[in-house]
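Take a look at the structure set out below.
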Amino acid sequence: MKIQVPATSANLGPGFDSCGIALAKYLVIEVIEPQATWEIIHHLGDEIPNDESNLLIQTALQVAPNIMPHQLRMISDIPLTRGLGSSSSVIVAGIELANRLANLNLSDEEKLKIATKIEGHPDNVAPAIFGDFVVACYDEEKDEVLSVKHYFPECDIIAYIPNTELLTKESRQVLPKTFNYQEAVKASAIANVMIGAVINGNLALAGQLMERDLFHEKYRAKLVPHLGKIRQICQQNQAFGCFLSGAGPTVLILAPKDCSEKIMLQLSLIDSHAQVEQVCIDREGVQVF
């Protein structure tokens with residue numbers, strides 16, 4: 001059995017902690033065989049545990065404490081701590097692992113609720129489960145997660161992935177503890193129109209609004225100095241828009257197909273150590289083979 005979970009990009013600018021898209025970069029977990037203790041075979045670096053302390057196993061045991069240990073193989077092309085949902089993909093894979101090994105028959109909505117409680121918000125885990133473009137919210141008082149999946153319009157998506165890590169915790173520490181009411185209304189209105197534009201397939205308008213976020217990007221700008229340079233390149237080359245992927249430091253650029261090559265060439269000149277690549281929307285979310 002193989003469990004495949006896509007990478008994700010959260011926020012899309014103003015859709016803070018609620019909007020996300022699934023991307024065709026994957027974490028794959030292969031279930032090899034039962035054994036006395038948990039063992040994960042991987043080549044992701046010494047800092048990633050290969051035993052029961054791994055987030056994958058911790059998540060699975062949180063969902064189904066009595067599942068039998070197995071030998072697993074973990075393969076991933078999702079960069080760690082780059083704002084592409086690497087930890088969320090592991091959480092979703094852990095839930096699916098428990099679901100299959102314990103025969104829980106969880107619905108996607110139940111998986112989303114579990115994943116959101118573990119992650120704290122649904123912006124990454126929702127598209128990792130459902131695929132495509134998802135808008136979701138977590139109501140703690142009612143203990144429910146509400147979500148809507150919609151088709152994300154076709155366009156070229158370019159990822160600028162720096163060769164530096166940025167932990168979500170560090171990136172969240174620069175955000176304000178409170179928000180002015182008038183400013184919150186304005187920020188929410190921008191997000192609402194951005195979502196409407198995506199649903200209407202109007203990427204030109206959506207891209208403009210993705211760059212007008214008031215919730216987080218201006219506070220995180222000092223941690224991602226390349227964002228301003230990328231935004232300038234996008235504006236000079238008729239891109240639809242760009243936004244910080246999750247907590248960063250990755251930036252995603254939405255562009256018409258005939259503009260991508262020139263944009264990618266200019267992006268590659270910012271930092272020779274950064275990775276510049278095209279990515280596609282994953283439409284399916286988590287899958288089991």
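The numbering of the sequence shown is my numbering, which starts it at 1 and goes up by one. A virtual CB, placed ideally from N, CA and C, is assigned to each residue, including glycine. Note that the coordinates shown come from a computational prediction; the quantities given were computed from them, not determined experimentally.
Check	Outcome
For the beta strand (DSSP E) containing Ala250, list its first residue and its last residue.	The amino acid at residue 250 is misidentified as Ala; the sequence shows Thr. Run containing Thr250: none; DSSP gives neither H nor E here.
Kindly indicate which three-state DSSP category Ser293 falls into: helix, strand or coil?	In the structure as shown, the chain begins at 1 and stops at 289. Residue 293 is therefore absent and cannot be evaluated.
If contacts are defined as beta-carbon pairs under 8 Å, then Ile21 and Leu27 qualify, I think. What distance do you get, rounded to the angstrom?	Their Cβ separation, rounded to whole angstroms, is 16 Å, which puts Ile21 and Leu27 out of contact at 8 Å.
Return yes when the Cβ of Ala159 is within less than 8 Å of the Cβ of Thr59, no when it is not.	no
For the ligand FAD, is there any heavy atom lying closer than 7 Å to the beta carbon of Asn99?	This structure lacks the ligand FAD, and indeed carries no ligand of any kind.
Using C-beta distances below 6 Å, list every residue in its chain close to Gln275, excluding the 5 sequence neighbours before and after it, in chain order.	Ile161
Just list the residues that DSSP pairs Glu30 with in beta bridges.	Lys2 and Arg73
What would DSSP say about Cys234, mapped onto helix, strand or coil?	helix
With distance defined between alpha-carbon atoms, name the residue in His273, Leu252 and Ala189 nearest to Thr8.	Leu252
Rounded to the nearest angstrom, how far is the Cβ of Ala290 from that of Leu56, given a contact under 8 Å?	Nothing can be reported for residue 290: it is not among the residues displayed for the chain, which extend from 1 to 289.
According to DSSP, simplified to helix, strand and coil, what is Lys142?	coil
Thinking just about the alpha-carbon of each residue, which of Phe16, Ala10 and Arg283 is nearest to the one in Phe152?	Arg283
Could you tell me which of Ala247, Leu265, Val134 and Pro69 sits nearest to Leu223, measuring between CA atoms?	Ala247
Locate the alpha helix (DSSP H) running through Ala187, then write down its first and last residues.	Tyr181 to Ile199
Provide the residue span of the alpha helix (DSSP H) that contains Ala126, from first to last.	Val125 to Phe130
Can you tell me where the alpha helix (DSSP H) with Gln208 in it begins and where it stops?	Leu203 to Met210
Quick check: the segment 71-89 against the segment 37-46, are there 3 or more CB pairs under 8 Å?	yes
Can you give me the C-alpha to C-alpha distance between Pro87 and Asn237, rounded to a whole angstrom?	In the sequence as displayed, the identity of residue 87 is Ser instead of Pro. Taking the straight line from one Cα to the other gives about 33 Å.
Ordered along the chain, which non-local residues of its own chain (more than five positions away) have a Cβ less than 6 Å from that of Phe289?	Lys2
Counting only the same chain and skipping the five closest in sequence on each side, list residues whose C-beta sits under 6 Å from that of Phe16.	Phe215 and His216
Is the number of C-beta pairs between the segment 262-276 and the segment 166-184 that are closer than 8 Å three or more?	no
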